[in-house]
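Q: Chains as they are written, first to last, in this note's numbering: chain V, 1 to 400; chain E, 1001 to 1400.
Here it is, written out as structure tokens:
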């Protein structure tokens, strides 16, 4: 576990070059905030009526009762968005709508359904000490900090920014991640498939997770098992993207050229090979300040490697302030029979059953199967040296 | 509760006019699938080597042991993506790479690390019954159904589609929802704010939730409290969108023109007013086969109304097959002191603590506050006739 944490940490120590852009607030949902949002304005900005009713002086109805109602003169009608013409004085009332500014002099708005009224007069049947007026700054005090940079802008965040009157907001540019697939057997979808070859699935799989985390994935190219071509492709991909991911060619096979390509292009390797399965056959390197993550060629293993080890760095690259994996404990709904010397990562999905987080394993946990990732929303962590797990046991899980 | 279920049902009975479009698979993440995806191709499509090693006849090494190793002649080398030139015959072996097609005759691939080898010979030290070969269709049998229409395309789904060689996929067009804000006090962000007026926050709030559920929100216009202008705006919005949402003007105030506008434009009202707070002051109507959802002017109430009642219909409008609210039970982390006659909807967020789903209430549960929705990912349902809840009590919650 220590080596895995060190690997994550080594990635996080690579400094990121965040770029900002100003965008309209209506485009801001899901983006990462790049500025501090201060309350330039108190909310509400004025004494705001909470109801449709009558703005009066509470003093005037102190003696009011069913038996001895108090009648006040209605001087005006204040729709929301309008300003009253007169202050409320002894013996008078202003008809006022929800959201309108309460005129001076009034310390209470009595709901209209608690009164009897005509256009010119309104009658009250009980006393009240004041109320139904939202004071300026009651929701938000002027000058407080509403949001810090690094926050992912949610629906309400965008609304709060709009409520301050801002038409635009500064966000971090989404990082663009280039994906290089290595393997002479790979063909891009939509093309003819010669015998002995298979369609490449890794870019689509990794791209989906990147998108869900706020990155722009870009399929760079499929490179055959040739060291020179691979080195060249990675160099060009590095120049064109904020980060590069390769799939395949990272373990110890005859054609596993990624480690050799790192050497050739002069990238500094941060780590190569981590003690977990599937996906531990991965490497990370840095060149020109940019990270290259070399993942397994097996889809399930590639996705686990990227998410389990690479995700904190990738969140940092998005400008996010909260970058660590979201960890929880979950109950295994089915046994996991395989024993394992190292850490084993199970692919699964989350389900709440009677208030408990359940971990449902994907049917097919085979390394190579892209199917093992269908519907996968959780990674489950089986500790090293485990002889297998029973249904009902609790494991650490990570939301991905 | 029955009236609320009936309201959801009434909306679901409005037939939706789904439009399809064909898009590149790389754009499909998060979209709703509009076709059935069949396995045109078995996966793997051929007998695939699971390792780098030697493809041989297991018969040939039946007698192999440490003491009496068996040596075979290496006839060729088959990289992934290539086809062997010869079948494997008695006494021969083919060097083969992970992912390559296993030549005829061979029934086992022995991992290279379990052998001693030169370019021309390979030596085996133990017998093995066969294996390390993935048979055609082992992962996916040809002809099975991989995905049904109505599924939201996840990362692995897109990869599975790509793995079938498809370059394009048919999805449902995202529905476009027009948002009409009503209220003479409202000003759009980025504009000057006259005294007594406030910035409109509802469109941004609702738009964020719409986007997260796969719709395209469009701010239509801010309409002052004027019945004719409102009716006209709704009619134009209906013509331009798949659904229209209004905020404000839906309860019983002097300027609550939405119900009157429904009458005026000849819309059929499905329901008006539901027994929950906040947000129950809402209506739904149908005109020209399109739904108009009239929500409260208070942001928190508007969002609760849209999500708690309108979301199933809105998911249906996206073409999704799974449309019901995602319900679970959660434990209240703090007491909720207020008693309530009707159903009360609390805004909160989800947290897993020791494997249990916790409901953390938003600080400010006031109807009007957009802040009450910041970070809100769960709606908690306090049953009608409740005297308040203690910390540790369990309530029904809905993921939004």
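We put the CB at the ideal spot given by N, CA and C, even for glycine.
Model, not experiment: these values are computed from the prediction.
Pick helix, strand or coil for residue 1338(E), following the three-state DSSP scheme.
A: Taking the second chain and counting its residues from 1, one reaches residue 1338(E) at position 338. Residue 1338(E): coil per DSSP, three-state reduction.
Q: Sort 1076(E), 1011(E), 1024(E), 1129(E) by Cα distance to residue 1064(E) and report the nearest one.
A: Position 64 of the second chain, counting from 1, holds the residue named residue 1064(E). That would be 1129(E), whose Cα lies nearest to the Cα of residue 1064(E).
Q: What residues of chain E sit near residue 299(V), judged by a beta carbon separation below 7 Å?
A: Taking the first residue of the first chain as 1, we reach residue 299(V) at position 299. In chain order: 1159.
Q: From which residue to which residue does the alpha helix (DSSP H) around residue 260(V) run?
A: Locating residue 260(V) in the first chain gives position 260, counting from the first residue. 258-265 is the extent of the alpha helix (DSSP H) around residue 260(V).
Q: Taking only three categories from DSSP, how would you classify residue 248(V)?
A: If you number the first chain from 1, residue 248(V) lands on position 248. Residue state, collapsed to three classes: coil.
Q: By alpha-carbon positions, which one of 308(V), 385(V), 250(V) ends up nearest to residue 269(V)?
A: Position 269 of the first chain, counted from the first residue, corresponds to residue 269(V). Residue 269(V) has its Cα closest to that of 250(V), out of 308(V), 385(V), 250(V).
Q: Which bits of chain E does residue 83(V) rub up against, with CB to CB less than 9 Å?
A: One-based indexing of the first chain puts residue 83(V) at position 83. Around residue 83(V), the beta-carbon contacts reaching into chain E at under 9 Å are 1194, 1195, 1196.
Q: Thinking just about the alpha-carbon of each residue, which of 1329(E), 1363(E), 1393(E), 1372(E) is nearest to the one in residue 1399(E)?
A: Position 399 of the second chain, counted from the first residue, corresponds to residue 1399(E). Measuring from the Cα of residue 1399(E), the nearest candidate turns out to be 1329(E).
Q: With 8 Å as the threshold, decide whether the Cβ of residue 356(V) is near any Cβ in chain E.
A: In the first chain, the residue the question calls residue 356(V) occupies position 356. Taking CB atoms only, residue 356(V) has a neighbour in chain E less than 8 Å away.
Q: Hey, is residue 184(V)'s beta-carbon within less than 8 Å of any beta-carbon in chain E?
A: Your numbering for residue 184(V) matches position 184 in the first chain. For residue 184(V), the answer is yes, since a Cβ of chain E falls inside 8 Å of its Cβ.
Q: Cβ closer than 8 Å: which chain V residues qualify as neighbours of residue 1101(E)?
A: The sequence position of residue 1101(E) within the second chain is 101, counting from 1. 195, 196, listed in chain order.
Q: Only counting the same chain, and skipping five residues up and downstream in sequence, which positions put a Cβ closer than 6 Å to that of residue 1169(E)?
A: The sequence position of residue 1169(E) within the second chain is 169, counting from 1. Result list for residue 1169(E): 1025, 1028, 1161, in chain order.
Q: Can you give, in chain order, each stretch of the beta strand (DSSP E) that sits fully within the segment 184-256 of chain V and has at least 3 residues?
A: 216-223, 243-247
Q: Kindly indicate which three-state DSSP category residue 1327(E) falls into: helix, strand or coil?
A: Residue numbering aside, residue 1327(E) sits at position 327 when the second chain is read from its first letter. Looking at residue 1327(E) - three-state DSSP - the assignment turns out to be strand.
Q: Could you tell me the distance, in whole angstroms, from the CA atom of residue 1212(E) to the CA atom of residue 199(V)?
A: Translated into positions along the second chain, residue 1212(E) becomes position 212. Translated into positions along the first chain, residue 199(V) becomes position 199. When rounded, the distance between both Cα atoms is 31 Å.
Q: When the Cα atoms are used, what is the spatial distance from residue 66(V) to residue 137(V)?
A: Indexing the first chain from 1 puts residue 66(V) at position 66. Indexing the first chain from 1 puts residue 137(V) at position 137. For residue 66(V) and residue 137(V), the distance between alpha carbons rounds to 36 Å.
Q: For residue 337(V), does the count of other Cβ atoms within 10 angstroms reach 16, so buried, or fall short, so exposed?
A: As a position in the first chain, residue 337(V) is number 337, starting the count at 1. The residue in question, residue 337(V), is exposed, as its Cβ has fewer than 16 Cβ neighbours within 10 Å.
Q: Taking the C-alpha atoms as reference points, what is the distance between residue 392(V) and residue 299(V)?
A: Here residue 392(V) refers to the residue found at position 392 when the first chain is read from its first residue. Here residue 299(V) refers to the residue found at position 299 when the first chain is read from its first residue. One C-alpha to the other measures close to 29 Å.
Q: Kindly provide the ranges of any alpha helix (DSSP H) runs that are 4 or more residues long and lie completely inside the segment 1103-1181 of chain E, ordered along the chain.
A: 1155-1163
Q: Tell me the rounded alpha-carbon separation between residue 76(V) and residue 174(V).
A: Locating residue 76(V) in the first chain gives position 76, where the first residue counts as 1. Locating residue 174(V) in the first chain gives position 174, where the first residue counts as 1. In a straight line, the C-alpha of residue 76(V) is about 53 Å away from that of residue 174(V).
Q: Taking just the CA atoms, how far does residue 1143(E) sit from residue 316(V)?
A: For the purposes of this step, residue 316(V) is taken as residue 316 along the first chain, with counting starting at 1. For the purposes of this step, residue 1143(E) is taken as residue 143 along the second chain, with counting starting at 1. One Cα belongs to residue 316(V), the other to residue 1143(E), and the distance between them is close to 43 Å.
Q: Look at the alpha carbon of residue 1376(E) and the alpha carbon of residue 73(V), and state the distance between them as a whole number of angstroms.
A: As a first step, residue 1376(E) is located in the second chain; it is residue number 376 there, counting from the start. As a first step, residue 73(V) is located in the first chain; it is residue number 73 there, counting from the start. Going from the Cα of residue 1376(E) to the Cα of residue 73(V) covers about 45 Å.
Q: By DSSP, does residue 26(V) sit in helix, in strand, or in coil?
A: Here residue 26(V) refers to the residue found at position 26 when the first chain is read from its first residue. Correct three-state label for residue 26(V): helix.
Q: Do residue 1150(E) and residue 1280(E) have their C-beta atoms within less than 8 Å of each other?
A: Taking the first residue of the second chain as position 1, residue 1150(E) is located at position 150. Taking the first residue of the second chain as position 1, residue 1280(E) is located at position 280. With respect to the 8 Å criterion, residue 1150(E) and residue 1280(E) are not classified as neighbours on the basis of their beta carbons.
Q: Say whether chain V places a C-beta atom closer than 8 Å to the C-beta of residue 1226(E).
A: Mapped onto the second chain, residue 1226(E) falls at position 226. For residue 1226(E), the answer is no, since every Cβ of chain V falls outside 8 Å of its Cβ.
Q: Establish whether the CB of residue 11(V) and some CB of chain E are separated by less than 8 Å.
A: In the first chain, the residue the question calls residue 11(V) occupies position 11. At a cut-off of 8 Å between beta-carbon atoms, residue 11(V) makes no contact with chain E.
Q: Select from 68(V), 216(V), 16(V) the residue whose C-alpha is nearest the C-alpha of residue 30(V).
A: Within the first chain, the letter at position 30 stands for residue 30(V). Of 68(V), 216(V), 16(V), the residue nearest in Cα terms is 216(V).
Q: Verify the CB distance criterion: does residue 1026(E) have a CB-CB separation below 8 Å to chain V?
A: The count along the second chain starts at 1 and reaches residue 1026(E) at position 26. Yes, contact with chain V.
Q: Just reading off the beta strand (DSSP E) that residue 8(V) is part of, what are its end residues?
A: The residue labelled residue 8(V) in the question sits at position 8 within the first chain. Looking at the DSSP string, residue 8(V) is not in any beta strand (DSSP E); the run it does join, the alpha helix (DSSP H), is 2-12.
Q: Look at residue 122(V) and residue 115(V) and say whether their C-beta atoms are less than 8 Å apart.
A: Counted from its first residue, the first chain places residue 122(V) at position 122. Counted from its first residue, the first chain places residue 115(V) at position 115. Yes, the Cβ-Cβ distance between residue 122(V) and residue 115(V) is below 8 Å.
Q: Should residue 378(V) go down as buried or exposed, given a rule of 16 or more other Cβ atoms within 10 Å for buried?
A: Here residue 378(V) refers to the residue found at position 378 when the first chain is read from its first residue. Burial call: buried.
Q: Buried or exposed: residue 1390(E), going by 16 or more other Cβ atoms within 10 Å of its Cβ?
A: Mapped onto the second chain, residue 1390(E) falls at position 390. Burial call: exposed.
Q: Starting from the beta carbon of residue 211(V), find every residue of chain E whose beta carbon is closer than 9 Å, and list them in chain order.
A: Along the first chain, read from residue 1 onward, the residue named residue 211(V) stands at position 211. Those within 9 Å of residue 211(V) in chain E are 1029, 1030, 1155.
Q: Roughly how many angstroms separate the alpha carbons of residue 1201(E) and residue 1221(E), rounded to a whole number?
A: Mapped onto the second chain, residue 1201(E) falls at position 201. Mapped onto the second chain, residue 1221(E) falls at position 221. Distance between the alpha carbons of residue 1201(E) and residue 1221(E) is about 13 Å.
Q: Below 7 Å on C-beta distance, what does residue 1370(E) contact in chain V?
A: The residue labelled residue 1370(E) in the question sits at position 370 within the second chain. The contacting residues are 156, 159, 160, 163.
Q: Counting only Cβ pairs nearer than 7 Å, list the residues of chain E close to residue 46(V).
A: To locate residue 46(V), count along the first chain from 1; it is residue 46. Those are 1196, listed as they occur along chain E.
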